[in-house]
Amino acid sequence: MNESVTVSYGCGNGTFASPEIYSTGQGSRPYFVAVSDLNNDDRMDLIVSNENIGTIGIFLSYDYATLKIQGLSSTGALSYPQSIAIGDFNNDSLLDAAVANYGTSNV
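Going by this note's numbering, the first residue of the sequence shown is number 1251, and it counts up by one from there.
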């Protein structure tokens, strides 16, 4: 299946709980995952590049073992988004995301 990401949450004792599977959308083909606390709630969130549909998906953590998709953001037609970098690129104290797009050769 190429329409999901799988997360295995740590149990705190060197083992992992059964994997949780999160849908990224029909035909999405997730390619890359970046992890960071995107909304400053002290929980790790995900940004997923969806190569086939030209989007990134943002998944926010609402407790310590549940992610919920917040929506998709287009990276452009035929962009085929690949890798993602997260940082404060404009010095406003908020995290930003940069996405490298294979199909359009841009970020």
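We put the beta carbon where it would ideally sit given N, CA and C, even for glycine.
Item: Over what stretch of residues does the beta strand (DSSP E) that includes residue 1337 continue unbroken?; Value: 1331-1337
Item: Is residue 1339 buried or exposed, if buried means 16 or more other CB atoms sit within 10 Å of its CB?; Value: exposed
Item: Can you tell me which of 1332, 1337 and 1290 puts its alpha carbon nearest to the alpha carbon of residue 1350?; Value: 1332
Item: Quick one: Cα of residue 1247 to Cα of residue 1328, how far?; Value: The first residue shown for the chain is 1251 and the last is 1357, placing residue 1247 beyond what the model contains.
Item: Helix, strand or coil for residue 1289 per DSSP?; Value: coil
Item: With H, G and I counted as helix, E and B as strand and the rest as coil, what does DSSP make of residue 1356?; Value: strand
Item: Excluding the 5 residues flanking residue 1302 on each side, which residues of the same chain have their C-beta closer than 7 Å to its C-beta?; Value: 1277, 1278 and 1279
Item: Quick one: using the 10 Å Cβ neighbour count with 16 as the cut-off for buried, is residue 1298 buried or exposed?; Value: buried
Item: Could you spell out where the beta strand (DSSP E) holding residue 1345 opens and where it closes?; Value: Residue 1345 -> no beta strand (DSSP E), and no H or E assigned at all.
Item: Identify, in the order they occur along the chain, each residue of the same chain with its Cβ nearer than 8 Å to the Cβ of residue 1269, setting aside the five sequence neighbours on each side.; Value: 1256, 1257 and 1258
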